[in-house]
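To start, the structure under review is shown below, and the notes come after it.
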Amino acid sequence: MEQSDLTELQQDINNAKHIVFLTGAGVSTHSGIPDYRSKNGIYNGVQESPETILSPDTLYNRPQFFYHFVMNNMYFPNARPNLIHKKIAEICNRKGDLITQNIDRLDTKAGNQHVTEFHGNLYKIYCTKCHHPVSYKEYATSYLHKNCGGIIRPGIVLYNESINPETLNNSIEIMQKSDLIIISGTSFVVYPFAQLLAYRQENAKIYSINKTEIPAPGVKQIISDALDVFKELN
Ligand SMILES: [Zn+2]
6 MEQSDLTELQ QDINNAKHIV FLTGAGVSTH SGIPDYRSKN GIYNGVQESP
56 ETILSPDTLY NRPQFFYHFV MNNMYFPNAR PNLIHKKIAE ICNRKGDLIT
106 QNIDRLDTKA GNQHVTEFHG NLYKIYCTKC HHPVSYKEYA TSYLHKNCGG
156 IIRPGIVLYN ESINPETLNN SIEIMQKSDL IIISGTSFVV YPFAQLLAYR
206 QENAKIYSIN KTEIPAPGVK QIISDALDVF KELN
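Quick note: the sequence shown uses this note's numbering, first residue 6, plus one each step.
Structure, rendered in structure tokens:
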């Protein structure tokens with residue numbers, strides 16, 4: 006990481022009219038939530054692919070397997086927001102929006118009032134039969150709804166499911182009104198999330214703050230741990 010890049014980024018943040026942050030799992034690993042796509046992620050040692058496990062097919066046909074997998078590997082109800090969540094929240098509450106792939110609700114816990122959860126979140130739990138909301142506490146005791154016997158599920162977008170149309174439209178509107186785009190903690194290979202860049206303003210400046218380069222043209226790449234960069238930003 007070059008000091009000049011940091012200075013330039015801070016100036017762009019100061020001068021921007023509206024900033025959008027696009028984030029992924031790498032932001033929450035510092036809160037102890039494993040990145041399930043990385044080598045040390047939660048699928049290590051699991052025989053089946055994430056695409057197979059986190060699918061409607063598994064949810065409905067092998068509900069107990071699905072339930073134990075998400076309970077044991079994806080829920081971290083005691084995780085706390087870290088400095089990156091907090092810095093992003095401060096900037097968003099001033100003049101920006103966050104569109105995150107994360108489903109852990111840590112950005113909301115950090116006080117961010119402009120959060121769009123692109124893939125939903127783990128704590129918006131409901132019964133697939135009677136559609137009543139279910140608390141995490143109740144879900145933690147059983148995957149079957151005590152009222153009706155229906156299968157309970159988290160409100161996350163599973164593989165083979167579509168992004169909520171309202172969420173998608175909202176995200177596109179945010180991209181269109183932003184003149185600064187900051188991508189962090191994501192390899193940026195998941196579609197349609199990565200496709201959001203197509204809706205940017207022509208002159209919008211784009212930064213990536215990641216340990217590795219992301220495959221997108223016209224992006225200023227700051228190769229670093231996001232925590233080291235965000236602690237310098239205001
Ligand atoms: Zn029910």
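C-beta atoms are modelled at their ideal positions from N, C-alpha and C, and glycine is treated no differently.
- According to DSSP, which residues form a beta bridge with asparagine 107? Per DSSP, none; premise fails for asparagine 107.
- Count the C-beta pairs between the stretch 140–150 and the stretch 102–122 that are closer than 8 Å, then say yes if the count reaches three, no if not. no
- Three-pair Cβ contact test at 8 Å for the stretch 83–93 versus the stretch 109–122: yes
- Message: Looking at the strands, I want to know which residues DSSP matches up with valine 25.
- Response: Asp102 and Ile186
- Close-in-space but distant-in-sequence residues of the same chain around isoleucine 156 (CB under 8 Å, 5 per side omitted): Leu64, Tyr65, Pro68, Cys132, Thr133, Lys134, Tyr148, Leu149 and His150
- Message: Here's the rule: buried if 16 or more other CB atoms are within 10 angstroms of the residue's CB, otherwise exposed. What is methionine 3?
- Response: The structure shown does not extend to residue 3, since the chain is modelled only from 6 to 239, so the question has no answer here.
- Query: Looking at the structure shown, is threonine 146 part of a helix, part of a strand, or coil, going by DSSP?
  - Reply: coil
- Segment contact flag, the stretch 158–177 with the stretch 194–211, C-beta cutoff 8 Å, min 3 pairs: yes
- List the whole-angstrom C-beta distance separating threonine 191 from glycine 37, where the pair is believed to meet the contact cut-off of C-beta under 8 Å. Contact doesn't hold; Cβ gap of about 18 Å is too wide.
- Item | glycine 31 - DSSP class collapsed to helix/strand/coil | helix
- Item | Collapsed DSSP secondary structure at isoleucine 18 in the structure displayed | helix
- Query: How many angstroms separate the CA atom of asparagine 77 from the CA atom of alanine 145?
  - Reply: 10 Å
- Candidates Phe71, Leu238 and Thr172: closest to glycine 125 by CA position: Thr172
- Starting from leucine 64, trace the alpha helix (DSSP H) both ways and give me its first and last residue. 61–66
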